[in-house]
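Working notes, structure below.
Residue numbers (my numbering): 357 to 745.
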């Protein structure tokens, strides 16, 4: 029965592939599509249904485009190209994505976002558009790239401003029971103030006259000789994490007593620490896509560590190892055994919705790594807790 079931699954998958190739007209023979393949079909239709040759041959992919103008003009409010780019990077492998992007630009001359600087100047920057720019900047000419940089700068600035507030809040220290002579509204101690001024209670007015307000004191976080090594997987599926890793590193870089490194990797390793204080420049240099050799990146990160017991290695990846899985597990185990805090993050963006290799994540957790999904603010809190010990 098991072999029959597997055979039926393979047969169904083959039929869906033929349906994707032949279009809606074949559904009477192939059957319909799964939700994910329906999204793939819509993405292909958005691009290839504009092929004039289909009409000459009497072929119509059908339905997904709507009207003929969808995505084909240079209207500044037209964001369908951005949505399409985001979709294909989620739905297709790297080789297919490169072909689709090349066809969009060279074969169908879709210029609205990728190659028209006037549109880039007018379009509203957004995180979604930032992802699209980073994914396609290798296809842009210098003039368009200059216009696209504005989008990178504006979105990154917003992210930095938001996270910087959270960093300041976390690293200003924690309040204690000890009173303080420093009068700051955020440290006002209501309970102690009421107790200290009860003798001034005015029954007729039913209120306490405050003559001696009380305030909390604060302890400072200890930031002595710690290192934070961020290892960031720059494969196409990790675009959001790459963006937020750059922003997080920039916000942590200026903290006293903390040395921050940022290393991007695919099958190669690129140390980007020299640009860590400029997340815009860093993101413009990132090359998204390619394979993944996580073990190589972990080995490089381990070589940066000066004091193992005062170091945090944050591996930001989907944990799909293209190199040696055994070597990766061994390297993480060595780091944990020497006292280094190893943090495996399956996501690092505002949503923290991870898609990752659960089996590899479990193996890393078994040898001592802290594995999960975090937003940038949660990572900041994790670092602060370790630095405060």
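The beta carbon of each residue, even a glycine, is placed where N, CA and C say it ideally should be.
Predicted model only: the values in this text are computed from it and were never measured.
- The continuous beta strand (DSSP E) containing residue 670 extends over residues 667-672.
- Here the C-alpha atom of residue 526 lies approximately 16 Å from the C-alpha atom of residue 730.
- For residue 621, the enclosing beta strand (DSSP E) covers residues 614-621.
- When secondary structure is reduced to three states using DSSP, residue 585 falls in the strand class.
- Under the three-state reduction of DSSP output, residue 694 falls in the coil class, being neither helix nor strand.
- Between the alpha carbons of residue 711 and residue 597 lies a gap of roughly 12 Å.
- For residue 628 and residue 590, the gap between their C-alpha atoms comes out near 12 Å.
- For residue 679, the secondary structure class from DSSP, reduced to helix, strand or coil, is coil.
- Partner residues in a beta bridge of residue 494, as assigned by DSSP, do not exist.
- No residue range can be given for residue 724, since it is assigned to no alpha helix (DSSP H) and is classified by DSSP as neither H nor E.
- Setting aside the 5 residues that flank it on each side, residue 732 is surrounded in the same chain by 519, 600, 603, 604, 704, each with a C-beta closer than 7 Å to its C-beta; the list follows chain order.
- For residue 718 and residue 670, the gap between their C-alpha atoms comes out near 16 Å.
- In the three-state reduction of the DSSP assignment, residue 700 falls in the strand class.
- Between the region 635-654 and the region 497-515 there are three or more inter-stretch CB-CB distances shorter than 8 Å, so the stretches are counted as touching.
- With fewer than 16 other Cβ atoms inside 10 Å of its own Cβ, residue 387 counts as exposed.
- The residue from 610, 523, 659 with its alpha-carbon nearest to that of residue 625 is 659.
- In this structure, residue 661 sits near residue 585, with a CB-CB distance shorter than 9 Å.
- Taking 9 Å as the cut-off, the Cβ atoms of residue 698 and residue 684 do not count as close.
- Non-local C-beta neighbours of residue 477 in its own chain, meaning closer than 8 Å and more than five positions away in sequence, comprise 503, 506, ordered along the chain.
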